[in-house]
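The structure appears right after this line, and notes come after that.
The structure is reproduced here in structure tokens:
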């Protein structure tokens, strides 16, 4: 399976990266990591890329790494659909005090607009 993982600067994104690396190793998935500049974090794109490379090395997975510019949600959807990915994976969703999921803008856009299957990793 070809997986496109969107990773931003949040701690949730890095946890999603670790879980996706584990799954890719176990299932033999072909992984591509798209580094997103979503803003709102203290990590620069270069810092995120260094974290991604470290996690891939530690997990023993070889993956393509790309830096995505522009609107993160629409770019993920465009890449996945135009390049034949089987699934988009990204971190997303916190739970409100009432137990409802709250999505960030990137996750919401991808879920509403992608024709490719989407996995939200929480």
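Residue numbers (the numbering used here): 952 to 1073. Just so you know, even glycine gets a beta-carbon here, dropped at the ideal spot from N, CA and C.
Quick check: residue 979 and residue 1027, are their CB atoms within less than 7 Å of each other? no
Kindly identify the DSSP beta-bridge partner or partners of residue 1025. Looking at the DSSP assignment, residue 1025 forms no beta bridge with any residue, so it has no partner.
Enclosing alpha helix (DSSP H) for residue 974 [first to last residue]: 962 to 978
Could you check whether residue 1040 and residue 1012 sit closer than 7 Å to each other, using their CB atoms as the reference points? In this structure, residue 1040 does not lie closer than 7 Å to residue 1012 by Cβ.
Does the beta-carbon of residue 963 have 16 or more other beta-carbons within 10 angstroms, so that it is buried, or is it exposed? buried
Nearest-angstrom Cβ-Cβ length linking residue 1022 and residue 1068, presumed shorter than 8 Å: Going by Cβ atoms, the distance from residue 1022 to residue 1068 rounds to 21 Å, so no, they are not a contact pair.
On the DSSP letters alone, give me the boundaries of the alpha helix (DSSP H) that residue 1004 sits inside. 996 to 1010
Run the CB neighbour count on residue 959, radius 10 Å, all protein chains shown included, and call it buried at 16 or more, exposed below. buried
Compare the Cα-Cα distances from residue 991 to each of 1005, 952, 1056 and 1065 and report the closest residue. 1056
Quick one: using the 10 Å Cβ neighbour count with 16 as the cut-off for buried, is residue 1031 buried or exposed? buried
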